[in-house]
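The structure under discussion appears below in the form of structure tokens.
Protein chains: 2
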Amino acid sequence: MTRGRFVTLEGGEGAGKSTQAHLLAEALRARGIEVLLTREPGGTPGAEAIRGLLLDPAMSWEAPAEALLFAAARADHVAQAIRPALEAGKWVVCDRFLDSSRAYQGGAGGLSDEDIVTLHRIGSGGLLPDLTLLVEIPASEAAGRLAMRDGGESDRIGGRDAAYHAKVAAGFARLAEAEPSRFVRIAGEGTKEQTHARIMQALAQLIEVAP
Amino acid sequence: MTRGRFVTLEGGEGAGKSTQAHLLAEALRARGIEVLLTREPGGTPGAEAIRGLLLDPAMSWEAPAEALLFAAARADHVAQAIRPALEAGKWVVCDRFLDSSRAYQGGAGGLSDEDIVTLHRIGSGGLLPDLTLLVEIPASEAAGRLAMRDGGESDRIGGRDAAYHAKVAAGFARLAEAEPSRFVRIAGEGTKEQTHARIMQALAQLIEVAP
Numbered sequence: 140m141t142r143g144r145f146v147t148l149e150g151g152e153g154a155g156k157s158t159q160a161h162l163l164a165e166a167l168r169a170r171g172i173e174v175l176l177t178r179e180p181g182g183t184p185g186a187e188a189i190r191g192l193l194l195d196p197a198m199s200w201e202a203p204a205e206a207l208l209f210a211a212a213r214a215d216h217v218a219q220a221i222r223p224a225l226e227a228g229k230w231v232v233c234d235r236f237l238d239s240s241r242a243y244q245g246g247a248g249g250l251s252d253e254d255i256v257t258l259h260r261i262g263s264g265g266l267l268p269d270l271t272l273l274v275e276i277p278a279s280e281a282a283g284r285l286a287m288r289d290g291g292e293s294d295r296i297g298g299r300d301a302a303y304h305a306k307v308a309a310g311f312a313r314l315a316e317a318e319p320s321r322f323v324r325i326a327g328e329g330t331k332e333q334t335h336a337r338i339m340q341a342l343a344q345l346i347e348v349a350p
Numbered sequence: 140m141t142r143g144r145f146v147t148l149e150g151g152e153g154a155g156k157s158t159q160a161h162l163l164a165e166a167l168r169a170r171g172i173e174v175l176l177t178r179e180p181g182g183t184p185g186a187e188a189i190r191g192l193l194l195d196p197a198m199s200w201e202a203p204a205e206a207l208l209f210a211a212a213r214a215d216h217v218a219q220a221i222r223p224a225l226e227a228g229k230w231v232v233c234d235r236f237l238d239s240s241r242a243y244q245g246g247a248g249g250l251s252d253e254d255i256v257t258l259h260r261i262g263s264g265g266l267l268p269d270l271t272l273l274v275e276i277p278a279s280e281a282a283g284r285l286a287m288r289d290g291g292e293s294d295r296i297g298g299r300d301a302a303y304h305a306k307v308a309a310g311f312a313r314l315a316e317a318e319p320s321r322f323v324r325i326a327g328e329g330t331k332e333q334t335h336a337r338i339m340q341a342l343a344q345l346i347e348v349a350p
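Protein chains in written order, with the numbering used here: chain A, 140 to 350; chain P, 140 to 350.
As structure tokens, then:
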């Protein structure tokens with residue numbers, strides 16, 4: 140059986156990644172492709188338990204411990220969900236993956252990019268997506284969308300300040316520039332249908348050559 | 140203020156490390172030394188929460204995720220308890236530390252020793268103890284002592300088979316041989332008082348030059 144394709148969605152808070160991940164999974168299923176739709180941190184019982192620790196506002200993780208927890212959650216997710224799905228020929232659509240760690244803990248969080256990539260090699264054998272969709276919106280629009288969520292409340296990560304989120308966005312942009320063959324930058328402005336159409340266009344080639 | 144001393148106790152299950160850590164902390168306090176007595180995995184609220192995930196029999200962590208979780212717990216423990224205590228001039232007596240990860244996840248668990256040491260550099264700045272006491276007992280005695288605990292019940296790590304524990308013991312011995320200036324091997328046979336006396340003898344030089 141042919142190995143499935145691994146597609147990740149990346150970007151800052153409020154860019155619409157989760158919505159787009161759902162729309163993408165639906166569109167692939169409508170084409171008869173079996174899809175595992177998942178997200179990070181989380182996606183397996185072990186990784187969801189780690190997610191609970193990471194997002195707990197009562198905890199005060201410093202950057203190195205946080206990076207190790209994300210890598211541990213990812214290792215469990217890859218070993219127990221993503222790799223088995225790919226080996227069974229399914230496509231995997233994942234809302235956030237390694238590049239979020241590189242942008243959040245690496246670029247903006249004080250760890251070197253090299254160390255984040257090393258943690259991924261040790262934890263997950265360095266598995267990389269076939270395609271990474273970087274969904275980008277202007278900072279002002281992201282702020283407006285985030286304010287709409289849960290009456291403006293946010294979790295430990297989302298609740299950080301504007302300068303932090305700007306650094307994260309710049310970090311994602313640098314990653315996309317450094318790996319143009321893996322990344323496609325998607326404009327996230329406008330309606331969700333417009334963004335979805337851009338994503339399906341970016342995926343056309345990958346779908347065409349799929350088994 | 141002079142930095143405190145950092146002493147770890149290592150060894151397989153049933154060697155008497157926890158008992159000896161308590162006796163050592165008492166003996167140091169009797170000499171007027173301020174002591175933080177702690178243990179791994181655990182020692183801070185974050186690390187204790189990770190310990191709960193690691194020891195949960197319902198979870199099935201593979202070796203890389205397990206190693207990352209231990210490193211994350213250690214990073215929190217070092218940042219939020221061990222380093223602050225040492226900087227305040229206290230001694231730290233810690234029941235298990237890095238060498239347990241090297242012996243359990245590295246030697247016996249399928250990760251390379253180099254990777255375990257890399258995780259410690261990323262997570263905890265590579266902090267090493269001033270002195271590591273390796274408490275060793277014959278495998279037959281360890282088995283007898285473990286059978287006495289909780290009617291023979293054991294947790295996820297302790298419950299593994301004899302071959303696994305023999306590999307762990309061999310891993311500890313190799314570490315001690317490779318770093319003779321940091322390790323002292325302590326015979327753990329006989330009464331707890333006899334073992335404690337051996338430990339105080341091993342510590343004599345460190346106590347003498349202490350502030």
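We treat Cβ as the ideally placed atom computed from N, Cα and C, and that holds for glycine. Predicted model, so just to flag it, every value in this text is computed and none were measured.
| Do the CB positions of A:Leu250 and A:Phe145 come within less than 9 Å of each other? | no
| Residues, ordered as in the chain, of the stretch 214-236 of chain A that lie near chain D by beta-carbon distance below 7 Å | Here the protein chains are A and P, and chain D is not one of them.
| query | In whole angstroms, what is the alpha-carbon distance linking P:Arg295 and A:Ala326? | reply | Bear in mind that the predicted position of P:Arg295 carries a pLDDT of just 49, short of 50, making it unreliable; the figure below should be weighed with that in mind. Each residue's Cα considered, the two are about 48 Å apart.
| message | Against chain P, with Cβ distances strictly below 9 Å, would A:Gly185 count as a contact? | response | yes
| task | Could you give the DSSP three-state label for A:Thr330: helix, strand or coil? | result | coil
| query | So what does P:Ile325 bridge to, in DSSP terms? | reply | P:Val274
| message | Taking its Cβ as the centre, do 16 or more other Cβ atoms sit within 10 Å of P:Thr330, making it buried, or is it exposed? | response | exposed
| query | DSSP three-state call for A:Phe209: helix, strand or coil? | reply | helix
| field | Segments assigned alpha helix (DSSP H), at least 4 residues, entirely inside the stretch 187-235 of chain P | value | 202-216, 222-226
| message | Following a CB-centred definition, is P:Val323 positioned closer than 8 Å to any heavy atom of the ligand FAD? | response | This structure simply doesn't include the ligand FAD, nor any ligand for that matter.
| message | With three or more beta-carbon pairs closer than 8 Å as the criterion, would you say the stretch 249-266 of chain P touches the stretch 255-265 of chain A? | response | yes
| query | Which residues does DSSP pair with A:Phe145 in a beta bridge? | reply | A:Val231
| Close Cβ partners of A:Ser263 (< 6 Å) along its chain, the five nearest in sequence each way excluded | Arg213, Ala214, Val217
| Proximity below 9 Å, CB of P:Thr271 to CB of P:Glu328 | no
| query | At a Cβ cut of 8 Å, what residues of the stretch 248-260 of chain A count as close to chain P, listed as they run along the chain? | reply | Leu250, Asp254, Thr257, Leu258
| Continuous alpha helix (DSSP H) stretch holding A:Arg260: start and end | 252-263
| said: Closer than 9 Å between beta carbons: that is the criterion. Which residues of the stretch 304-334 of chain A meet it against chain P? | reply: none
| message | Give me the chain A residues within the contact set of P:Glu201, using Cβ-Cβ distance strictly less than 8 Å, ordered along the chain. | response | Ala214, Asp215, Ala218, Gln219
| task | Excluding the 5 residues preceding and the 5 following P:Ala305 in the sequence, name in chain order all residues of the same chain whose CB lies nearer than 8 Å to its CB. | result | Ala278
| chain P within 9 Å of A:Leu266, Cβ atoms only | no
| message | Please report the straight-line C-alpha distance between P:Gly291 and P:Gln159, rounded to a whole angstrom. | response | Reliability of the predicted coordinates at P:Gly291 is poor, the pLDDT of 47 falling under 50, and no value is obtained from them.
| C-alpha distance - P:Ser240 paired with A:Gly171, whole-angstrom precision | 46 Å
| Cα separation between A:Met339 and A:Phe311? | 21 Å
| field | Beta-bridge pairing of A:Leu176 - partner residues as DSSP gives them | value | A:Val232
| said: One question on the structure: do A:Leu103 and A:Leu314 come within less than 9 Å of each other, judged by their Cβ atoms? | reply: Examination of residue 103 of chain A is not possible in this model, given that chain A is present from 140 through 350 alone.
| request: Pull up the distance between the alpha-carbon of A:Tyr243 and that of A:Val307, whole angstroms please. | output: 6 Å
| query | What residue from P:Val232, P:Ala286, P:Ala281 has the CA that sits closest to P:Glu165's CA? | reply | P:Val232
| query | For P:Pro184, is the classification buried or exposed, using 16 other Cβ atoms within 10 angstroms of its Cβ as the cut-off for buried? | reply | exposed
| query | Rounded to a whole number of angstroms, what is the C-alpha to C-alpha distance between A:Asp195 and A:Ser157? | reply | 21 Å
| What residues in its chain sit with their C-beta under 6 Å from that of P:Leu207, if we drop five residues either side in the sequence? | none
| query | Since P:Arg324 contacts P:Leu273 with CB under 8 Å, what's their CB separation in whole angstroms? | reply | 5 Å
| Using the beta-carbon of each residue, which ones in chain A are nearer than 8 Å to P:Met198? | Pro184, Gly185, Ala188
| said: Quick check on the DSSP output: the alpha helix (DSSP H) that includes A:Leu266 runs from which residue to which? | reply: That residue, A:Leu266, is in no alpha helix (DSSP H); it is neither H nor E in DSSP.
| What residue does the alpha helix (DSSP H) around A:Tyr303 start on, and which one ends it? | 301-317
| Neighbour flag for P:Ala262 against chain A, beta carbons, 9 Å | Reading off the sequence, residue 262 of chain P comes out as Gly, not Ala. It does; some Cβ of chain A falls within 9 Å.
| Proximal residues of chain P, C-beta to C-beta of A:Ala211 below 7 Å | Ala204, Leu207, Leu208, Ala211
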